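Engineer: Got a structure here, written out as structure tokens. Questions coming.
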Amino acid sequence: MARPGHRASLLLFLAVATTVLLLAAGATAQGCANATFPAGRSFERCDTLPVLGASLHWTYHAGNGTAELAFRAPSGSGGWVAWGINTAGAGMAGSSVFVASQNAGGAVSVLTTVLESTSPSLKNGTLKFDVPVPPTAEYAGGAYTIYVTVALPGNSTTQNTVWQAGPLSGSGAILPHPMSGANLHSVKKQDFLSG
């Protein structure tokens, strides 16, 4: 049987641990909900994605089946981030993605490409769904934010989404992302209606 002093210490430890976990969970949710965007942009919903420190913010427009969104992920200025939808499955291969990076002068651009394999060519091209407004991106506060409006494929509010982050070469070319850890778990079935 546990001594009274030992039992009290254990209960105090459990209370403190539970409080720390609840505060951490609240901070994560709060970080997504309290994100700010320039030029009066705002979004109705947000989701803190499970890996790579990323978050997705969006407004779903039921009238035309589009989602206006912002994908935000931390990165050094010598890196890139990407977000997209896979209309054919639940992985990277086959995904239509938006890749944000910046050149040596600090100008941020967005590449639109279909990842035809796990070693894609990254040619700028047409995606497998409609993009009614050209995508834009910015780099601020150690993070990229990609702004885009997409026509949700099949007019479905549930989509297989992917996101990623990786390095740039010295000349600004997109290099492969790490093939371990969190980079292998950056997929999620995203519900644009309920979150």
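Numbering-wise, the sequence shown is residues 14 to 208 according to the numbering used here. In this text, a Cβ means the ideal position worked out from N, Cα and C, and glycines have one as well. It should be emphasised that the depicted structure is a prediction, and the values quoted were computed from it without experimental measurement.
Give the secondary structure of A48 by DSSP, where H, G and I count as helix, E and B as strand, and everything else as coil.
Structural biologist: The residue given as residue 48 occupies position 35 in the sequence shown. Residue state, collapsed to three classes: coil.
Engineer: Could you give the C-beta distance for V161 and F111, rounded to a whole number, given that I count them as a contact under 8 Å?
Structural biologist: Numbered from 1 along the sequence shown, position 148 holds the residue referred to as residue 161. Numbered from 1 along the sequence shown, position 98 holds the residue referred to as residue 111. Indeed, because the Cβ distance is near 6 Å, the residues count as touching under 8 Å.
Engineer: With distances taken Cα to Cα, identify the nearest neighbour of L124 among S182, T149, I98 and S88.
Structural biologist: Position 111 of the sequence shown, counted from the first residue, corresponds to residue 124. If we check each option's Cα against that of L124, T149 comes out closest.
Engineer: Please list, in chain order, all residues of the same chain as L34 whose beta carbon is under 8 Å from its beta carbon, the five residues on each side excluded.
Structural biologist: Along the sequence shown, read from residue 1 onward, the residue named residue 34 stands at position 21. Unreliable placement is indicated for L34, whose pLDDT of 28 sits below 50; no coordinate value is reported for it.
Engineer: Please report the Cβ distance between L165 and T79, rounded to the nearest whole angstrom; I am assuming they are in contact, meaning their Cβ atoms lie under 8 Å.
Structural biologist: Numbered from its first residue, the sequence shown carries residue 165 at position 152. Numbered from its first residue, the sequence shown carries residue 79 at position 66. That belief holds up - the Cβ atoms of L165 and T79 are roughly 7 Å apart, short of 8 Å.
Engineer: Taking the alpha-carbon positions, what's the M64 to S199 distance?
Structural biologist: Position 51 of the sequence shown holds residue 64. Position 186 of the sequence shown holds residue 199. Note on residue identity: the sequence assigns Val, not Met, to residue 64. For V64 and S199, the distance between alpha carbons rounds to 6 Å.
Engineer: With a cut-off of 8 Å on the beta carbons, I'd call A95 and Q177 a contact; round off their distance for me.
Structural biologist: Locating residue 95 in the sequence shown gives position 82, where the first residue counts as 1. Locating residue 177 in the sequence shown gives position 164, where the first residue counts as 1. A95 to Q177, Cβ: 5 Å. Contact.
Engineer: Extract the residue ranges of the beta strand (DSSP E) inside the segment 84-139, only unbroken runs of 3 or more that lie entirely within it.
Structural biologist: Here the runs fully enclosed are 92-99, 108-115 and 121-127.
Engineer: Provide the residue span of the beta strand (DSSP E) that contains S68, from first to last.
Structural biologist: One-based indexing of the sequence shown puts residue 68 at position 55. From DSSP, the beta strand (DSSP E) with S68 extends over S68 to H74.
Engineer: Can you check whether the CB of L62 is closer than 9 Å to the CB of S55?
Structural biologist: As a first step, residue 55 must be located in the sequence shown, where it is residue number 42. As a first step, residue 62 must be located in the sequence shown, where it is residue number 49. Result no, Cβ atoms of S55 and L62 do not sit closer than 9 Å.
Engineer: Among E129, G167 and A48, which one has its Cα closest to the Cα of F84?
Structural biologist: For the purposes of this step, residue 84 is identified with residue 71 of the sequence shown, where counting begins at 1. Out of E129, G167 and A48, A48 has the C-alpha closest to the C-alpha of F84.
Engineer: In or out: V127 buried (at least 16 other Cβ within 10 Å) or exposed?
Structural biologist: Position 114 of the sequence shown, counted from the first residue, corresponds to residue 127. Flag for V127 reads buried.
Engineer: Spell out the partners DSSP gives D60 in its beta bridges.
Structural biologist: Indexing the sequence shown from 1 puts residue 60 at position 47. Note: D60 sits in a beta bridge opposite L69.
Engineer: Assuming the contact rule is C-beta atoms closer than 8 Å, L82 and H70 should be a hit. Round their C-beta distance to whole Å, please.
Structural biologist: Numbered from its first residue, the sequence shown carries residue 82 at position 69. Numbered from its first residue, the sequence shown carries residue 70 at position 57. With 8 Å as the limit, L82 and H70 qualify as a contact, their Cβ atoms being about 6 Å apart.
Engineer: If you compare alpha carbons, which of G194, S114, N137 and V175 is closest to K201?
Structural biologist: Walking along the sequence shown from the start, residue 201 turns up at place 188. Looking at the Cα atoms, V175 is the closest of the given residues.
Engineer: Among G104, S132 and E151, which has the Cα closest to the Cα of A52?
Structural biologist: Counting from 1 along the sequence shown, the entry for residue 52 is found at position 39. Residue E151 is the option with its Cα nearest to A52.
Engineer: Quick one: is S108 buried, meaning 16 or more other Cβ sit within 10 Å of its Cβ, or exposed?
Structural biologist: Position 95 of the sequence shown, counted from the first residue, corresponds to residue 108. Under this definition S108 is a buried residue.
Engineer: Name the one or two DSSP bridge partners that A80 has.
Structural biologist: Reading the sequence shown from its first residue, position 67 is the one you call residue 80. A80 is bridged to Y73 and V163.
Engineer: Would a C-beta distance cut-off of 9 Å place S132 and I187 closer than the cut-off?
Structural biologist: Here the question's residue 132 lines up with position 119 in the sequence shown. Here the question's residue 187 lines up with position 174 in the sequence shown. No, the Cβ-Cβ distance between S132 and I187 is not below 9 Å.
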